[in-house]
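In this note's numbering, the protein residues as written are 839 to 1296.
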């Protein structure tokens, strides 16, 4: 019998997009990261699953990756695949659950139940009013292969619901593919919404600068929200942490919401077999990545590792695997380079003035930006980085910003924008952006180990 279920992946990010064609699958490829190389990253096409309206699933290999087409951004539509463990013929087995596995235990597709529940709680987060919740839920049997919409509605028994009765905010759709001989696994695909904005009837307009068009223009067919809902009257409290950083919603410049909502959401994908065996994963629908070939230097994985394995890098044995540690450090500096190539440091510096302006070079319009990319490109060559840290052992602690919360760190404005790395970049809380504790400690310990490996007196 099947005694355990789980979904792969346990967490997936969908990306909004108005195009009817999902984005092709891809991975990061080899990049020219030599000291005098271009520094450009590359993406490589990967096998991609196409899902037809009738549930037919096919695999193809794209020739190239297209992020946009004539209709706009192509949405990223993740699949969730059912995995499990079971005992058959006295043997323990683990792997994807297929129709054949179900039939082995007297089950069929009709015995599989999918439930998807998502919500957009941005307005509710601000107002704390039940009527400002927007949520959608659908249940799909494993033998139902049609697309099902996720229509976001507000609770109609609450005072002044944001989404009025009979209307809905589209939050995406889901579809269960038909298993076949080539692709027999049980799956569900989540398709996010288009990336649209919705507003109240009679959308109010804050005063626009003279001679400029209205600040917020929403198509008439998307102006159906209840103007009497609390979200459409919400006033910005100056000392409320829910509004940090400033400008989180339309109307914040006038300290009052104009009632706009978008179609992002997050929620749970659940699969259940007859008998009650259940597995759950989370899905998050968010805006498209405007630089899809660039990775942040601190990823979601880094954040999770910082919470569950922060102390690992301080263990004496962690750095003993020099090859693995070197790969981890190189990956960090590759992502730092990618981030540096995605930031207009000159424009940021014009605002905050942390760095002196470099001497203007012929043909170089953004001197700081170009200088930063060149320097970071050299640091990706680990031999050069190792020599630099052996010669200047205090460089990391002097030039890399410590994670916030350290005693030596201050959140005050005058200490936020300094020449410490990363320069002129703020996090969502308004404080200076920084590495995680784990990343910082790994870098410090690795630099120290390099110094210990040098000959005495050199």
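Beta carbons are placed, not taken as given, at the ideal position from N, Cα and C, and that holds for glycine.
Euclidean distance between Cα positions of residue 984 and residue 891
7 angstroms
Alpha helix (DSSP H) segments (min. 4 residues) lying fully within the stretch 1110-1177
1138-1146
Measure the C-alpha to C-alpha separation of residue 1132 and residue 1172 and round it to an integer number of angstroms.
10 angstroms
CA-CA distance, residue 1086 and residue 855?
21 angstroms
Considering only the beta carbon of each residue, do residue 1237 and residue 1289 sit closer than 8 angstroms?
no
Return the residue from the list 1064, 969, 1116, 1024 that minimises the CA-CA distance to residue 957.
969
Between the C-alpha atoms of residue 1239 and residue 1282, what's the straight-line distance to the nearest angstrom?
12 angstroms
Determine, using beta carbons only, whether residue 1037 and residue 1096 come nearer to each other than 8 angstroms.
yes
Range of the contiguous alpha helix (DSSP H) that encloses residue 1210
1205-1217
Residue 950 and residue 843 closer than 8 angstroms at C-beta
no
Between the alpha carbons of residue 1138 and residue 1274, how many angstroms are there, rounded?
11 angstroms
Taking residue 841 as part of the beta strand (DSSP E), name the residues at either end of that continuous run.
840-846
Beta-carbon contacts of residue 1164 that lie in its chain and below 7 angstroms, excluding the five residues immediately before and after
1220
So residue 862 and residue 886 are supposed to be a Cβ contact under 8 angstroms. How far apart are they, rounded?
5 angstroms
For residue 853, which three-state DSSP category applies?
strand
Below 8 angstroms between beta carbons: does that hold for residue 1088 and residue 1074?
no
Is the stretch 1176-1184 touching the stretch 1193-1210 in the sense that three or more CB pairs, one from each, lie closer than 8 angstroms?
yes
Would you decide whether residue 1068 is buried or exposed? Buried here means 16 or more other CB atoms lie within 10 Å of its CB.
buried
Closest by C-alpha distance to residue 881, when choosing among 852, 1259, 1130:
1130
Do residue 1023 and residue 1017 count as a contact pair if the criterion is CB distance below 8 angstroms?
yes
If you reduce the DSSP assignment to three classes, tell me which class residue 969 lands in.
helix
I need the straight-line Cα distance from residue 1140 to residue 1277, nearest angstrom please.
8 angstroms
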